[in-house]
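To convert a position in the sequence shown, counted from 1, into our numbering, add 8.
See below for the structure under consideration.
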Amino acid sequence: MPPVEIKPDIYWVGVNDRTTDLFEGLWPITQEGVSYNAYLINDEKTAIVDLAKSTKGDEFLNQIDRVVDVSRLDYVIVNHMEPDHSGLLRTIRRLAPGAIILGTKRTRDMLESFYGITDNVRVVEDGDTLDLGKHTLRFYVTPFVHWPETMMTYEVDHQILFACDAFGSYGALRGAIFDDECTDLEFYEQQALRYYANIVALFSNAVLRAIDKLGSVPVSVIAPSHGLVWRKDPGRIVQLYKKWAEYATGPTEPGVTLIYGSMYGNTESMMNAVAQGISRAGVPVDIYDAAHTHASYILSSLWTQRGVMVGAPTYEGGLFPPVAQVLEIAGHKKIRGRLTARFGSYGWSGGAQREFERIVTPLQWDIVDTFEFVGAPTEDELRHGEEFGARFAELIVQKEA
Ligand code: FEO
9 MPPVEIKPDI
19 YWVGVNDRTT
29 DLFEGLWPIT
39 QEGVSYNAYL
49 INDEKTAIVD
59 LAKSTKGDEF
69 LNQIDRVVDV
79 SRLDYVIVNH
89 MEPDHSGLLR
99 TIRRLAPGAI
109 ILGTKRTRDM
119 LESFYGITDN
129 VRVVEDGDTL
139 DLGKHTLRFY
149 VTPFVHWPET
159 MMTYEVDHQI
169 LFACDAFGSY
179 GALRGAIFDD
189 ECTDLEFYEQ
199 QALRYYANIV
209 ALFSNAVLRA
219 IDKLGSVPVS
229 VIAPSHGLVW
239 RKDPGRIVQL
249 YKKWAEYATG
259 PTEPGVTLIY
269 GSMYGNTESM
279 MNAVAQGISR
289 AGVPVDIYDA
299 AHTHASYILS
309 SLWTQRGVMV
319 GAPTYEGGLF
329 PPVAQVLEIA
339 GHKKIRGRLT
349 ARFGSYGWSG
359 GAQREFERIV
369 TPLQWDIVDT
379 FEFVGAPTED
389 ELRHGEEFGA
399 RFAELIVQKE
409 A
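What follows is the structure, given as structure tokens:
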């Protein structure tokens, strides 16, 4: 996609990545892709805000060259050091050796440890400004959105917030970069939630602090470093991020994430009965087969829903490993305070429940019910499973009331 002028002399010069399978080497984006958004201000002094992953070098440099010769860059503003935005710093340094790199104190340290860069680095403090000619930039230090060194850059004259990871989403751009030109906003909002749950969730307090800090700053455009640029309704993505951040410690939505795994279909048969019970009670349920669904997708539901129903058989005296792995990742993300119940089949001695409790107890999940059966479920047991699901759903509703 060629550069897009978002305001006079301010350009989106990002690149799409449709070939990386795993974002951060961990989260699947094969189907969705991702964009690395960067922004170029072509004023009396030229400044670029954030860069891109090193694998996109040729394409990214070409984007800059379409607006201004890369060797003429005066400033490189590093909002965040994660290499999806900083990976081309050494290349830019070779091509524009006089360009000054700006970032926070911790960015200065990371520039050395990640790239061996120590020269022509300027540390900015919270509230510092940079005059480019017609445009003025102001810097807001926003630690831990997403790493400790992060800051946001604000273009004062057109009220553009270059927010880097904050307000970002998975999903390569499909020709349109703006929210008002996008014909599938729902896709980007879903991918923003998945991105939030995968990447940002652990830093929810920092997100709320940043939103609060910038609360009195007039913002006309939210320009993150992944996903859409929000100019029609910038408040929309801020409100979504705020809502998701509040889920870290506050009330979540009255629904159920049902995570299950099944070796030969017995636990799966019961899962269908349990899901019937939950649905009968009028409670929404997201169902995931943990062996066939990457945790990345399940986290979106786990982050937002109040209830977690776990269906997993005993496997070698423990919890069926694909389900255990998802729960361990939920623990890593500190998804706390859920209402949970577990069902599952066992062949002779059981053991799944013990491991389930070991994983979820430290997360302060309230285990309200358990239902185990031997081998294949009988008709009576399936009826019991439906009731088990309905009872759980009623507790979810009661907890809201
Ligand atoms: Fe998009 Fe934390 O990097």
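For each residue, glycine too, the CB sits at the ideal point set by N, CA and C.
Short Cβ contact (8 Å threshold) for residue i with residue j
i: SER308; j: ALA205; result: yes
i: GLY263; j: ARG314; result: yes
i: ASN87; j: MET159; result: yes
i: SER357; j: GLY325; result: yes
i: ARG350; j: VAL318; result: yes
i: GLY285; j: PHE396; result: yes
i: LEU59; j: GLY33; result: no
i: TYR6; j: GLU276; result: Beyond the ends of the chain as shown, which are 9 and 409, falls residue 6; an answer cannot be given.
i: GLY176; j: GLY111; result: no
i: SER228; j: HIS166; result: yes
i: THR150; j: LYS251; result: no
i: LEU210; j: MET9; result: no
i: VAL75; j: TYR19; result: yes
i: ALA298; j: ALA360; result: no
i: LEU347; j: LYS407; result: yes
i: GLU90; j: GLY179; result: no
i: THR161; j: ILE85; result: yes
i: LYS61; j: ASP92; result: yes
i: GLY22; j: ASN45; result: yes
i: ASP134; j: TYR148; result: yes
i: LEU327; j: PHE364; result: yes
i: VAL225; j: VAL215; result: no
Simplified DSSP state of residue i, which is helix, strand or coil
i: ASN24; result: strand
i: GLU13; result: strand
i: THR115; result: helix
i: LEU59; result: coil
i: ARG102; result: helix
i: THR312; result: helix
i: ASP187; result: coil
i: ASP241; result: coil
i: ASP77; result: coil
i: VAL153; result: coil
i: GLU363; result: helix
i: GLU261; result: strand
i: LYS392; result: Residue identity check: residue 392 is His in the sequence provided, not Lys. Here HIS392 sits in helix by DSSP.
i: ARG182; result: coil
i: PRO91; result: helix
i: HIS300; result: coil
i: THR342; result: Looking at the sequence itself, residue 342 is Lys, so the reference to Thr does not match. The answer is coil: DSSP assigns LYS342 none of H, G, I, E or B.
Integer Cβ distance of residue i from residue j, believed to fall under 8 Å
i: VAL331; j: THR265; result: Actually they do not touch by this definition, with Cβ atoms about 12 Å apart.
i: ASP241; j: ASP294; result: About 27 Å separates the two Cβ atoms, so there is no contact after all.
i: ARG102; j: GLU157; result: The Cβ separation is near 23 Å, so there is no contact.
i: PRO1; j: ALA174; result: Not covered by the structure: residue 1. The range shown for the chain is 9 to 409.
i: ILE56; j: LEU81; result: 6 Å
i: LEU48; j: ILE72; result: 6 Å
i: LEU169; j: ILE230; result: 5 Å
i: THR322; j: TYR354; result: 4 Å
Same chain, Cβ closer than 6 Å to residue i, neighbours up to 5 away in sequence not counted
i: GLY393; result: MET278, ALA281 and VAL282
i: ARG116; result: VAL129 and VAL131
i: ALA401; result: ILE286, ALA289 and VAL291
i: VAL390; result: Rather than Val, the amino acid found at residue 390 in this sequence is Leu. Excluding sequence neighbours, LEU390 sits near ALA281.
One or two residues paired with residue i in a DSSP bridge
i: CYS172; result: PRO232
i: LEU145; result: LEU138 and GLU163
i: PRO36; result: LEU30
i: ASN280; result: The partner list for ASN280 (beta bridge, DSSP) is empty, contrary to what the question assumes.
i: PHE379; result: PHE351
i: LEU266; result: ILE295 and MET317
i: ARG130; result: LEU110
i: SER43; result: ASN24
i: TYR323; result: GLY326
i: THR54; result: ASN50
i: TYR19; result: GLU13 and LEU48
i: ASP374; result: LEU347
i: TYR83; result: ALA55 and ILE108
Same chain only: Cβ atoms within 7 Å of residue i, ignoring 5 sequence neighbours per side
i: TYR255; result: TRP311 and THR312
i: ASN24; result: MET9, GLY41, SER43, ALA180 and LEU181
i: VAL12; result: TYR19, TRP20 and ILE185
i: TRP403; result: Going by the sequence as given, residue 403 is Leu instead of Trp. Closer than 7 Å at the Cβ level, and outside the excluded window around LEU403, lie LEU347 and VAL376.
Chain-order list of residues whose beta-carbon lies under 8 Å from that of residue i (same chain, five-residue window excluded)
i: GLY141; result: ASP51, GLU52 and LYS53
i: TRP373; result: VAL316, ARG344, GLY345, ARG346, LEU347 and THR348
i: ILE219; result: VAL246, TYR249, LYS250 and ALA253
i: ALA107; result: LEU81, ASP82, TYR83, VAL84, ILE100, ARG101 and ASN128
i: ILE125; result: LEU97, ARG98, ARG101, ILE109 and LEU119
Residue i at chain D interface by Cβ criterion, 8 Å
i: ALA60; result: No chain D appears in this structure, which consists of one protein chain only.
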